[in-house]
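The listed protein sequences derive, respectively, from chains U and C. Take the first sequence: its letters are residues 18 to 820, numbered as in this note's numbering. Take the second sequence: its letters are residues 35 to 208, numbered as in this note's numbering. Virtual Cβ for every residue (Gly too), placed ideally from N, Cα, C. Below you'll find the structure, written out as C-alpha cells, and then a few comments.
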Amino acid sequence: MGNIDANLDRLAALEGMGCSRKRREDPRFIQGKGTYVDDVKMPGMLFGAMVRSPYAHARILKIDKSRALAHPGVHAVLTADDLKPLKLHWMPTLAGDVQAVLADEKVVFQNQEVAFVVADDRYIAADAAELVEVEYEELPVVVDPLKALEPDAPVIREDIRDKLTGAHGARTHPNHIFTWNVGDKDKTARVFDNADVTVRQEMLYPRVHPCPLETCGCVASFDKVRGDLTVYITSQAPHVVRTVVGMLSSIPESKIRIISPDIGGGFGNKVGVYPGYVVAIVASIVLGRPVKWIESRAENLSSTAFARDYHMTGELAADSSGRIKALRVHVTADHGAFDACADPTKWPAGMFHVCTGSYDIPNAFVSVDGVYTNKFPGGVAYRCSFRVTEAVYLIERMVDVLAQKLGIDKAEIRLRNFIRKDQFPFSTPLGLDYDSGDYEPALKKVLAAVDYPALRAEQAARRADASAEWLMGIGIVTFTEIVGAGPSKMCDILGVGMFDSCEIRVHPDGSAIARMGTITQGQGHQTTYAQIIASEAGIPASLITVEEGDTSTAPYGLGTYGSRSTPVAGAAVARASHKIREKARQIAAHLLEASPEDVEFDLDRFVLKGSPEQFKTLKQVAWAAYNNVPEGMEMGLEAVDYYDPPNFTFPFGAYLCVLDVNRYTGETRVRRFYALDDCGTRINPMIIEGQIHGGLTEGFAVAMGQELPYDEAGNLLGGTLMDYFVPTSVETPHWETDFTVTPSPHHPIGAKGVAESPHVGSIPCFTSAMVDAFAHLGVTHMNMPHNAYRVWQQSRSLGLARQ
Amino acid sequence: MSKKIMVSFKLNGTQTDVVVEPRELLIHTLREKCLHTGPHIGCETSHCGACTVDVNGMSVKSCTLLTVQADEAELLTVEGLAKGGELHALQEGFMQEHGLQCGFCTPGMLIRAYRLLQENPNPSEEEIRYWMAGNLCRCTGYQNIVKAVQYAAAKLRGEAVQTSHPLMAEILAH
Chain U
18 MGNIDANLDR LAALEGMGCS RKRREDPRFI QGKGTYVDDV KMPGMLFGAM
68 VRSPYAHARI LKIDKSRALA HPGVHAVLTA DDLKPLKLHW MPTLAGDVQA
118 VLADEKVVFQ NQEVAFVVAD DRYIAADAAE LVEVEYEELP VVVDPLKALE
168 PDAPVIREDI RDKLTGAHGA RTHPNHIFTW NVGDKDKTAR VFDNADVTVR
218 QEMLYPRVHP CPLETCGCVA SFDKVRGDLT VYITSQAPHV VRTVVGMLSS
268 IPESKIRIIS PDIGGGFGNK VGVYPGYVVA IVASIVLGRP VKWIESRAEN
318 LSSTAFARDY HMTGELAADS SGRIKALRVH VTADHGAFDA CADPTKWPAG
368 MFHVCTGSYD IPNAFVSVDG VYTNKFPGGV AYRCSFRVTE AVYLIERMVD
418 VLAQKLGIDK AEIRLRNFIR KDQFPFSTPL GLDYDSGDYE PALKKVLAAV
468 DYPALRAEQA ARRADASAEW LMGIGIVTFT EIVGAGPSKM CDILGVGMFD
518 SCEIRVHPDG SAIARMGTIT QGQGHQTTYA QIIASEAGIP ASLITVEEGD
568 TSTAPYGLGT YGSRSTPVAG AAVARASHKI REKARQIAAH LLEASPEDVE
618 FDLDRFVLKG SPEQFKTLKQ VAWAAYNNVP EGMEMGLEAV DYYDPPNFTF
668 PFGAYLCVLD VNRYTGETRV RRFYALDDCG TRINPMIIEG QIHGGLTEGF
718 AVAMGQELPY DEAGNLLGGT LMDYFVPTSV ETPHWETDFT VTPSPHHPIG
768 AKGVAESPHV GSIPCFTSAM VDAFAHLGVT HMNMPHNAYR VWQQSRSLGL
818 ARQ
Chain C
35 MSKKIMVSFK LNGTQTDVVV EPRELLIHTL REKCLHTGPH IGCETSHCGA
85 CTVDVNGMSV KSCTLLTVQA DEAELLTVEG LAKGGELHAL QEGFMQEHGL
135 QCGFCTPGML IRAYRLLQEN PNPSEEEIRY WMAGNLCRCT GYQNIVKAVQ
185 YAAAKLRGEA VQTSHPLMAE ILAH
C-alpha cells in the first residue's frame, strides 16, 4: 500500500491531466497586472481615431481634412487617396474577396471607415475626427438579403460589378457572392417525393455580435532605422496576421513581430484583420512613431465582424415511425458589404454541412447562397466552429418540428434516429467522417437526472389548467459539433494549412518552457497545456512556463478559434512531449548503463524494467542532457511538433431546459438548464466547467436577447450596450453540468475540445423550450431573440394574453 | 482645449497630484497618468463595469466620472487590494473558485465585491447577484463569481473555507 501512496504523491506533484489545477494566469489578473493591448504604452506613442460613414450606401463627393490637420496636436489624417500610392486602400479578406481599408469613392455600410486621424492623445484625435468634413451623395440601400438578389436591386459592389466568377465559383447577380452545394440533390429529391411524411420550416438566425468585453485594437510601431515592424494586437491568430501584414506591406515576415498579449475575450471577434489595424500600421510607417488604435464599444458592435445572419429553410422526409430519410436545406447567407467571412478557404459556409447532426440520415442536400447587403462585413464563428451553430440550430429545430407533426415525444424521436455507437467512425451523406460518439447514454442520463416523465406530467397538468398564468416549456437538444480545424487537405487560410504547433525546451534544472501557435483569450492555455506536458513527459506542471502570442518566439500556428486549441495544438503538445520523453528515455538508459528497450517511462521517471528501485528522474535526465548524453546523440532536450490532424473531432452533448413563460407579459424564467457534455479526454475539470458556464451564458444571450437590427435606410438600431443584450448576474440562470467521456480515437490524448459546445447546443435548446411552451396550440417555430416583447406578441396572437 | 487643473486625491493610500483638462475622465487619468492599468475600459457608457473603482466608499464607474470630481477623494483600485504581500480574500476566492477567465472584467468585479462585503459581510446568492449586476462578464456566466464572493465572505468572517474545485479529487477517484 505504501507504494500506491507514493505513486499518488508523485502523481499529485505532477498536476497532470485530469486535475483541477488552479490557473497560472490568475495571479496577474486578480492583481490588475495583466497586459492588454490598451495597457501598452510606448515612448512617443500617438493615438488614432476613425472617421466613419453615417450612411449605409453613399458616394463620397469630397473629403476636406484641412480643419482637422490645422487642429493643434494632429499629426496626420489618412484617406483612401493617401493609401492608393501604397496600394493599401484595399486589402484581401480571409474569404477571397477584397475589402476597402478606407472607403474608396463610396461607402457601403454605416460606420464604414472613411478617414483615420492621428494625434497626440485620444481626446485630440476624437476632436479632430469631428473636424474632417465629408460630403456624401446618398444611394439606395439594401439591408434584406432576400431583396438584394432582385433584378433591379442597387449594386453594392461596383468594384466587382462585372466579375462573373468569385472566389467560390459563378456569380449570378452583382450582389451574389457564391452558391455552395453539398450532397446529392437528385437522390434527396427522390426520397422527398416518395416519403410518408415531410416537414418544412423557415427560420432566421439573426445577425449578432460576439461582443468580448475588450474591444479590438492595436499598437503599431515601425522602427525606421532597423526596418522592423512590431504590432501589439487583439488577435486570436497572430501568425496569420503576420502573414497578411507581410503580404500587404511587402515587409519580409522576418522583420514583422506580431504580439497578442493578454486578450480580453475573443469569441470569434478577434480572428479577422480589420481596417483599423492596417491604417495604424500605415500611420506608424509614415510617421515613424508608434500609433495606438482602440475601437469604442459602438465601433466594435457596428464594424468589426458580426456573426450568423442566416435565413434558413429546412425540410425533413421521414417514415411514419419518425425515422428520418432525408434532409434538404437552403440558406441565404447575409455577408454584408464585403465577404470577410472567416472560414477555411474551400468552404464558404464553413462546416455548415455538419447539419445532419447526431442522426443517421441517409440522404441530404444543402445549398447556401452568399449575398452582399449594405451592412458591415463579418460572418465570424461566435463561440463556435465555422457556421456550426447555424447548422446545429437548423437540424435540432427540424427534428422538433418533425416530432411535433408525428406526435412523437422529442426525446423519443432522437433515440430513434441517433447514430449508434457501433456505427462509428460514421460517414455522413454530406462528406464528414465522425470520429466517435455515444449519444443514447448521454440523453438517457440527462432524462433520468431531471426526471423527464415528471416534468412532462407537470406540463400536461399546466396545459389542462386554463387559468394558469405561467406556461411551461421543455427543450431538448442532442447536438454534435465539429471542431479542431483542421486537416490541411481540407482546411487552409490564405493557403496556409490549418495545422498547429508546439515547441518544448527542457532546461538543465528540469524546468521547461513551451510555446505554441495558439493564443489564450481566457481559456487557460498556460495552465492546461502544462498539464498535458506533465502527464506525457513527466515534468511537474508547476515547472513549465507556457508562452503564446509572440510571433518572434512561438512556432507558426493558426491560432485559437473553432475550439481548435486542444484538438490541434493540444495534440502537438502531446507529440512534442513524447519526443522529449523518448530522448529522455535513451539518456536515462545511458545513465543506468542499460539498453533503451529495458527502460520504461513511469510518471516522472525512467525505470529499469523489473528493478523499480533503479531509475533516473526526468530532472536527473535533464541535467545529463547538457553534459552526459549517449555517444552520437545531440546535446540538449527539446522538441518541436507541427501537427496536421487526420480529421476533425466531434464533441457532442445532450441538453435539457425548462422554461416558465408568463402568458400575460412574455417574461421568461429559466427554471432549469441541465447540460451534459462529452469532450473526450478531460484535461482540467475546473476549467471545462468554467468554459461550459460561459458558453451556456453566451447561448442564453443569443437566444433570449441579442440582435443587431437595421432599419430600411441601413441604420443599425442598437449598437451600444444599452440596446445590445449582454446578460448580467441577475438574469443569467444557474447552470447544472454533467459529462460522459468518449475519447477521440485519432487524437494523441483523445481530447476533442469543449468551449464552444455549450454555445452551439444551448441556443436551439432555449428555442426548443420556448416553442414547447406554445406547442400544444400548434406553434412549431419562433424566431430568436425570445425577448419578453416578442414572446408576449406570440402569446397575444394565440389569445393567451389580455387583449 | 481648456485650461488644465490640478487635482489631488489619495490613490490606494498614496497622495497623488495630477494636472488634467476639466473634461478628462477618471479612467483615463488612472490608466494613463497614474499608470494604474488594472481598471479597464469596456464600453465608455457605464454599462460594463470594467472600470469600477471605489471612490469615498462608493462603487463608481470611472469612465463616467470627471477627474476633477475626484478632487480630495479616497480612491481604491484593484492595485490596492493586496496588503503587505498578502492577497485579499476576494482575490484568493476568485482564484480558488475559478471566478475569472480572460480577466478583463476582474478588476472591476473585485472592487465591486469589496464594496459589497464592506456593506454586507454575509450576503445571500441573490444579494450577490443583485449587487454585481452592474459588472458584465462575458466568460464565466457569473456562477463561479458568486462562489468566489461567498468564499471571500466566509474567510473574512473567520470561517473555514474550502474550494469547490479541489485539486486532487478527480485523480484520487480513478
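C-beta neighbour in chain U for residue i, strict 8 Å
i	result
residue 98(C)	no
residue 135(C)	yes
residue 141(C)	yes
residue 43(C)	no
residue 148(C)	no
residue 111(C)	yes
residue 144(C)	yes
residue 129(C)	yes
residue 38(C)	no
Partner residues on chain U for residue i, Cβ-Cβ distance less than 7 Å
i	result
residue 75(C)	55
residue 72(C)	49
residue 79(C)	314, 737, 738, 739
residue 166(C)	746
Any chain C beta carbon closer than 8 Å to residue i
i	result
residue 18(U)	Here residue 18(U) scores only 40 on pLDDT, less than 50, and its place in the model is too uncertain to base an answer on.
residue 729(U)	no
residue 745(U)	yes
residue 778(U)	no
residue 280(U)	yes
residue 684(U)	no
residue 714(U)	yes
residue 799(U)	no
residue 555(U)	no
residue 707(U)	yes
Min CB distance residue i to chain D below 8 Å
i	result
residue 689(U)	The structure shown contains no chain D; its protein chains are U and C.
First through last residue of the alpha helix (DSSP H) which encompasses residue i
i	result
residue 144(U)	139-148
residue 42(U)	Neither: residue 42(U) is in no alpha helix (DSSP H) and is coded neither H nor E.
residue 812(U)	805-814
residue 427(U)	427-434
residue 410(U)	405-423
residue 98(U)	97-100
8 Å Cβ cut-off: residues of chain C touching residue i
i	result
residue 711(U)	135, 172, 173, 174, 175
residue 538(U)	136
8 Å Cβ cut-off: residues of chain U touching residue i
i	result
residue 200(C)	37
Integer-rounded CB distance, given that residue j should sit under 8 Å from residue i
i	j	result
residue 520(U)	residue 588(U)	The Cβ separation is near 14 Å, so there is no contact.
residue 399(U)	residue 781(U)	In fact, because the Cβ distance is near 15 Å, the residues do not count as touching under 8 Å.
residue 91(U)	residue 132(U)	Not a contact, Cβ separation roughly 12 Å.
residue 817(U)	residue 680(U)	4 Å
residue 216(U)	residue 333(U)	5 Å
residue 632(U)	residue 555(U)	With a Cβ gap of about 11 Å, residue 632(U) and residue 555(U) do not count as contacting.
residue 419(U)	residue 478(U)	Incorrect: roughly 26 Å between the Cβ atoms, too far for contact.
residue 403(U)	residue 474(U)	Not confirmed; about 41 Å, so no contact.
Chain-ordered chain C contacts of residue i [CB-CB under 7 Å]
i	result
residue 51(U)	137
residue 703(U)	132, 199
Bounding residues of the beta strand (DSSP E) (the contiguous stretch that carries residue i)
i	result
residue 347(U)	341-351
residue 521(U)	517-523
residue 491(U)	487-497
residue 632(U)	628-634
residue 679(U)	669-679
residue 222(U)	214-225
Under 9 Å from the C-beta of residue i: neighbouring residues of chain U
i	result
residue 125(C)	43, 44, 47, 48
Notebook entry, point to check: Using a beta-carbon distance cut-off of less than 8 Å, what residues from the segment 172-186 of chain C approach chain U?
Noted result: 172, 173, 174, 175, 176, 177, 178, 179, 180
Checklist line | Selection of the segment 747-767 of chain U by Cβ proximity to chain C, strictly under 7 Å | finding: 747, 749, 751, 752
Margin query: What are the residues in the segment 227-252 of chain U lying within 9 Å of chain C by C-beta distance?
Written below: 227, 228, 229, 230, 231, 232
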